[in-house]
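Here the structure comes first, spelled out in structure tokens, and everything after it is commentary.
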Amino acid sequence: MLNILYFASVRERLGRSAEELALPVGVRDVAGLIRHLGQRGGAWEDLAGIRNLRCAVNQQMVPLDSPLADGDEVAFFPPVTGG
Amino acid sequence: MPVRIQEADFDIGGELADFCRADPRIGALASFVGLVRDVSGGDGVSEMSLEHYPGMTEKALAAIVGEALQRWSLIDALVIHRVGRLLPGDRIVLVAVAAAHRAEAFAACEFIMDYLKTRAPFWKRELTAAGARWVEARDDDDRAAERWRQPGG
Chain V
681 MLNILYFASV
691 RERLGRSAEE
701 LALPVGVRDV
711 AGLIRHLGQR
721 GGAWEDLAGI
731 RNLRCAVNQQ
741 MVPLDSPLAD
751 GDEVAFFPPV
761 TGG
Chain H
6 MPVRIQEADF
16 DIGGELADFC
26 RADPRIGALA
36 SFVGLVRDVS
46 GGDGVSEMSL
56 EHYPGMTEKA
66 LAAIVGEALQ
76 RWSLIDALVI
86 HRVGRLLPGD
96 RIVLVAVAAA
106 HRAEAFAACE
116 FIMDYLKTRA
126 PFWKRELTAA
136 GARWVEARDD
146 DDRAAERWRQ
156 PGG
């Protein structure tokens with residue numbers, strides 16, 4: 681299973697903060713997961729088009745071509761604005 | 006290297022005093038406090054809320070502080086960052102760096118803030134007369150963090 685989290689404006693656009701998803705067949709990296717989620721249609725189709733979409737795998741910020749494995753925690757969010 | 010995420014306010018004087026108490030090696034204590042402003046992009050801001058990614062936030066801040074401790078000769082560093090609902094004038098973040106001498110303390114304090122701004126998973130949402138909106142990341146913050154990049158790093 682993947683544990684997927686959505687934060688801030690990304691969470692609002694998708695209307696979801698978290699979900700568990702069996703690692704889809706053929707999905708090997710973050711970009712593949714984004715394409716898979718986009719097949720849901722509606723707001724999910726926009727995920728790939730979100731400017732500056734950031735991703736963390738297992739709580740480390742990573743580029744979108746980073747590999748995924750069963751059991752990973754994946755998070756999608758906009759650029760950070762703390763401080 | 007204490008890192009704390011909390012909804013509650015913090016007392017600047019008390020925190021700084023506790024942080025450098027009982028370590029006579031400390032000759033310099035540099036600190037930064039970030040506050041909520043009442044204006045953003047020309048619009049009045051009446052309220053702000055701060056969201057974060059529990060778990061990752063603590064790790065990201067610990068990694069930033071750890072990098073500062075490696076780069077400079079420091080004695081310790083402290084980061085306190087608030088989350089939840091904040092009003093103009095409220096304190097958001099405290100960074101304090103203790104060192105033997107001021108140059109290291111000043112530099113590391115600025116480094117920690119610049120990296121916090123671009124690497125720690127916090128998101129601000131501000132309330133204006135036109136409604137609530139997510140704060141956009143600023144290119145200036147990316148440039149500020151970029152200047153600390155080391156060759157091969």
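Residue numbers (the working numbering), protein chains in the order written: chain V, 681 to 763; chain H, 6 to 158.
We treat Cβ as the ideally placed atom computed from N, Cα and C, and that holds for glycine.
Asked, Found
"Let's see if you can read the secondary structure: which residues bound the alpha helix (DSSP H) around LEU717 (chain V)?", "710-718"
"For VAL690 (chain V), report the span of its alpha helix (DSSP H) as first-last.", "688-694"
"Going by DSSP, name the residue or residues bridged to GLU52 (chain H).", "H:LEU132"
"Between which residues of its own chain and ASP43 (chain H) is the CB-CB distance below 7 Å, once the five residues before and five after are set aside?", "GLY49, VAL50, PRO93"
"Span of the beta strand (DSSP E) holding ARG107 (chain H)?", "Where ARG107 (chain H) is concerned, there is no enclosing beta strand (DSSP E), although the alpha helix (DSSP H) it sits in stretches over 107-124."
"Just to confirm my understanding: we take VAL88 (chain H), look at its own chain, exclude 5 residues before and 5 after, and list those with CB closer than 8 Å. What are they?", "ILE10, GLN11, GLU12, LEU55, GLU56, HIS57, PHE127"
"With a threshold of 7 Å between beta carbons, is MET6 (chain H) in contact with chain V?", "no"
"In chain H, which residues lie less than 9 Å from ALA751 (chain V) when you measure between Cβ atoms?", "Looking at the sequence shown, residue 751 (chain V) is not Ala but Gly. Result: empty, since nearest Cβ-Cβ is about 15 Å, beyond 9 Å."
"Which residues mark the beginning and the end of the alpha helix (DSSP H) in which GLY148 (chain H) is found?", "Per the sequence shown, residue 148 (chain H) should be read as Arg rather than Gly. Its alpha helix (DSSP H) spans residues 144-151."
"Along the chain, where does the alpha helix (DSSP H) containing ILE17 (chain H) start, and where does it finish?", "17-25"
"Which of the residues in the segment 118-132 of chain H, read from start to end, lie with their CB under 8 Å from any CB of chain V?", "MET118, LEU121, LYS122, THR123, ARG124, ALA125, PRO126, PHE127, TRP128, LYS129, ARG130"
"Less than 7 Å separating the beta-carbons of GLU72 (chain H) and VAL8 (chain H)?", "no"
"Nearest to GLY721 (chain V) by CA position, among V:ARG708, V:ALA711, V:PRO759, V:LEU694, is which residue?", "V:LEU694"
"Please identify the residue among H:ARG130, H:ARG30, H:MET53 whose C-alpha is closest to the C-alpha of LEU79 (chain H).", "H:ARG30"
"Just verifying my parser: in three-state terms, what is the DSSP assignment at ALA104 (chain H)?", "strand"
"If we ignore side chains and look at the alpha-carbon of each, how far apart do ASP709 (chain V) and SER746 (chain V) end up?", "5 Å"
"If you run the structure through DSSP and keep just helix, strand and coil, what is ALA702 (chain V)?", "coil"
"Can you confirm whether the segment 100-108 of chain H touches the segment 23-41 of chain H when touching is taken to mean that 3 or more C-beta pairs between the two stretches lie within less than 8 Å?", "yes"
"How many angstroms separate the CA atom of GLU678 (chain V) from the CA atom of HIS716 (chain V)?", "Outside the displayed span of chain V (681 to 763) sits residue 678 (chain V), for which this structure offers no information."
"Restricting to Cα atoms, I'd like to know which of H:LEU132, H:ALA142, H:LEU74, H:ARG26 is closest to LYS122 (chain H).", "H:ALA142"
"For LEU40 (chain H), is the classification buried or exposed, using 16 other Cβ atoms within 10 angstroms of its Cβ as the cut-off for buried?", "exposed"
"List the whole-angstrom C-beta distance separating ALA125 (chain H) from LEU66 (chain H), where the pair is believed to meet the contact cut-off of C-beta under 8 Å.", "6 Å"
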